[in-house]
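Novice: Take this structure first; my questions come after.
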Amino acid sequence: MSVTFHIPGPLRSFAGGRSQVELNIFVGKEDVRYTGGLATPIPPGTEISIVPAISGGNTTGFFSPHRT
761 MSVTFHIPGP
771 LRSFAGGRSQ
781 VELNIFVGKE
791 DVRYTGGLAT
801 PIPPGTEISI
811 VPAISGGNTT
821 GFFSPHRT
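In this text, residue positions in the sequence shown follow my numbering: the first is 761, and each later residue adds one.
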């Protein structure tokens with residue numbers, strides 16, 4: 761589960777011009793996708809992290825011995 765956050769016009773430059781971004785939310789070190797979603801209990805003093813969702817990558821590995 762990710763959350764879509766709608767970005768107000770004046771702040772879109774901080775998101776590369778996009779009007780929405782997907783976010784992952786962590787309560788402590790746990791991803792809320794696996795702990796009850798947005799209904800996850802948050803004990804007092806718990807750190808909450810909101811992290812932009814990132815995807816993509818290289819299927820052959822980061823360091824390829826055969827560069828072209």
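Glycine is no exception: its CB is placed at the ideal position from the N, C-alpha and C atoms.
If you compare alpha carbons, which of Val-787, Gly-796, Asp-791 and Tyr-794 is closest to Pro-804?
Specialist: Translated into the one-based positions of the sequence shown, residue 804 becomes position 44. Of Val-787, Gly-796, Asp-791 and Tyr-794, the residue nearest in Cα terms is Val-787.
Novice: Please work out which residues of its chain come closer than 8 angstroms, Cβ to Cβ, to Thr-806, disregarding the five sequence neighbours upstream and downstream, and give them in chain order.
Specialist: Position 46 of the sequence shown, counted from the start, is the residue given in the question as residue 806. Correct list, in chain order: Val-787 and Gly-788.
Novice: Considering Phe-774, what are the terminal residues of the beta strand (DSSP E) in which it resides?
Specialist: Taking the first residue of the sequence shown as position 1, residue 774 is located at position 14. Where Phe-774 is concerned, there is no enclosing beta strand (DSSP E), given that its DSSP letter is neither H nor E.
Novice: Should Val-811 be labelled buried (16 or more other beta-carbon atoms within 10 Å of its own) or exposed?
Specialist: Within the sequence shown, residue 811 is the residue found at index 51, counting from 1. Exposed, because fewer than 16 other Cβ atoms sit within 10 Å of the Cβ of Val-811.
Novice: Measuring only the C-alpha atoms, how far is Gly-796 from Pro-770?
Specialist: Translated into the one-based positions of the sequence shown, residue 796 becomes position 36. Translated into the one-based positions of the sequence shown, residue 770 becomes position 10. About 33 angstroms.
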